[in-house]
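Inspection log for the structure reproduced underneath, given as structure tokens.
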Amino acid sequence: GRGPKAMAPPTTSAAVLALMKDLSRARGDEDWERVADVLVAIRGLDMDVKLLQQTQIGKSVRPLRKAEDKRAQELATALIQSWRELSQRESQTGTSEAAAASRPAKQEEEKQEERKPHVVKIRLPKADPADVVESSAAAAAVYTTELPPLRTKSREVLRNTLSVDHKGGPLHSLAEEVEAAMHNWASEQDDPKCYQIKFRQLASNLKKNVPLRRRVVLGDVPPADLVVMTKEMLADENKNAERMRSEQAMRDQLSLDYSKRPEVRARKYAACGIDKVTSMEPCRKCGSKNVNNYERQTRSADEPMTQFYQCLDCEHQWRG
379 GRGPKAMAPP TTSAAVLALM KDLSRARGDE DWERVADVLV AIRGLDMDVK
429 LLQQTQIGKS VRPLRKAEDK RAQELATALI QSWRELSQRE SQTGTSEAAA
479 ASRPAKQEEE KQEERKPHVV KIRLPKADPA DVVESSAAAA AVYTTELPPL
529 RTKSREVLRN TLSVDHKGGP LHSLAEEVEA AMHNWASEQD DPKCYQIKFR
579 QLASNLKKNV PLRRRVVLGD VPPADLVVMT KEMLADENKN AERMRSEQAM
629 RDQLSLDYSK RPEVRARKYA ACGIDKVTSM EPCRKCGSKN VNNYERQTRS
679 ADEPMTQFYQ CLDCEHQWRG
């Protein structure tokens with residue numbers, strides 16, 4: 379039979395958060411065998427309502443009830459149901475009794491976390507769910523040691539960038555989801571440098587574009603949508619307005635230069651019935667000798683043709 383439950387060490391929030399990160403990463407990689415292993419490990423934790431509320435683990439497990447893998451669906455459904463029953467039992471026994479029972483464990487947990495963080499490490503890919511050991515490394519080390527240095531650094535920078543002005547807990551899972559989505563997107567591109575280019579683009583714009591950063595943190599912009607956004611979509615409104623003004627000024631300048639080109643003027647004069655273009659005399663306004671001269675029949679056929687002049691520098695026009 380099983381030993382007394384009191385002999386098992388109390389479950390800490392650090393252990394739950396570590397498993398949540400492992401679960402998030404397995405979901406991003408679509409490694410359903412690993413997802414199932416993590417869910418079994420979560421099922422073996424000694425949970426209470428306070429720990430469920432503190433870690434918000436239900437938000438990570440609940441979407442897996444509709445996962446593509448049947449075993450993951452069943453495990454997630456069973457976990458959510460067991461937590462719902464746990465909540466009902468604790469509410470029936472009274473919140474005051476539950477709070478008094480959890481206070482010593484909470485104080486011990488805080489002392490342990492001050493001395494050294496505790497995480498739960500699962501042996502992957504085919505781990506025995508019961509084989510859960512303590513690790514003295516930080517929670518992020520469970521994952522970052524398995525990644526190339528470039529991806530590890532990218533996750534760290536993204537986490538720091540997303541955490542600016544964020545008053546909640548650390549955004550490890552969100553940073554990992556963004557980086558995993560970025561890695562998946564880059565693997566489908568032809569350019570091997572697109573991962574680094576996209577990373578610099580995201581890091582820079584998320585730092586400058588406060589509204590976009592908040593929408594990402596709140597979940598309004600999923601990581602998969604974030605990584606396919608163009609630089610114009612990532613930039614803030616002021617930057618976009620400045621870019622539009624610059625582009626409009628360039629278009630205006632090109633339009634002016636285009637109208638002054640000799641071949642364009644020749645086509646325009648021909649369309650207007652101008653017979654010839656010659657340089658006759660300097661401009662009466664600016665003195666430039668870059669002057670177009672043409673003649674047209676403006677009166678009756680037996681009258682002389684009228685001479686027209688236009689300066690190509692100042693665009694002053696006159697007739698002779």
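Counting in this note's numbering, the sequence shown runs from 379 upward without gaps.
We treat Cβ as the ideally placed atom computed from N, Cα and C, and that holds for glycine.
As assigned by DSSP and simplified to three states, the class of residue i
| i | result |
| --- | --- |
| threonine 523 | Here threonine 523 scores only 46 on pLDDT, less than 50, and its place in the model should not be relied on; the value that follows carries that caveat. Coil at threonine 523, not helix or strand. |
| cysteine 664 | coil |
| asparagine 587 | coil |
| arginine 403 | helix |
| threonine 684 | strand |
| valine 594 | helix |
| histidine 496 | Interpretation of histidine 496 is limited by its pLDDT of 45, a score under 50 that renders its predicted location unreliable; no figure is taken from the coordinates. |
| glutamate 346 | Residue coverage of the chain in this structure runs from 379 to 698, which leaves residue 346 outside it and unanswerable. |
| cysteine 689 | strand |
| glutamine 695 | strand |
| alanine 619 | helix |
| histidine 544 | coil |
| threonine 608 | coil |
| alanine 396 | helix |
Candidates the options: closest to residue i by CA position
| i | options | result |
| --- | --- | --- |
| serine 391 | Gln567, Ala553, Glu610, Lys428 | Lys428 |
| leucine 397 | Gln451, Glu534, His550, Arg443 | His550 |
| arginine 421 | His561, Asp569, Ser460 | Ser460 |
| arginine 592 | Val416, His544, Arg537, Ala559 | His544 |
| glutamine 695 | Thr471, Lys663, Val439 | Lys663 |
| serine 465 | Leu417, Gln431, Leu442, Val594 | Gln431 |
| aspartate 407 | Glu446, Met683, Ala581 | Glu446 |
| valine 595 | Met607, Val542, Lys444 | Val542 |
| serine 438 | Leu417, Leu423, Asp424 | Leu417 |
C-alpha distance - residue i paired with residue j, whole-angstrom precision
| i | j | result |
| --- | --- | --- |
| isoleucine 435 | lysine 586 | 31 Å |
| proline 601 | arginine 449 | 26 Å |
| arginine 629 | serine 666 | 27 Å |
| alanine 419 | serine 565 | 31 Å |
| leucine 690 | threonine 676 | 23 Å |
| glutamine 525 | serine 532 | The residue you asked about is not glutamine; residue 525 is leucine in the sequence shown. Taking the straight line joining both Cα atoms gives about 11 Å. |
| glutamine 451 | isoleucine 458 | 11 Å |
| valine 510 | tryptophan 410 | Residue confidence is low: valine 510 scores 31 on pLDDT, short of 50, so the model does not pin down where it sits. No coordinate-derived value is stated. |
8 Å Cβ cutoff met for residue i and residue j
| i | j | result |
| --- | --- | --- |
| leucine 584 | leucine 540 | yes |
| alanine 404 | leucine 453 | no |
| asparagine 705 | glutamine 688 | In the structure displayed, the chain extends from 379 to 698; residue 705 sits before or after that span and is not available. |
| valine 394 | threonine 433 | yes |
| leucine 612 | valine 599 | no |
Buried or exposed (CB count within 10 angstroms, at least 16 for buried), residue i
| i | result |
| --- | --- |
| glutamate 557 | buried |
| glutamate 555 | buried |
| asparagine 616 | exposed |
| leucine 604 | buried |
| serine 624 | exposed |
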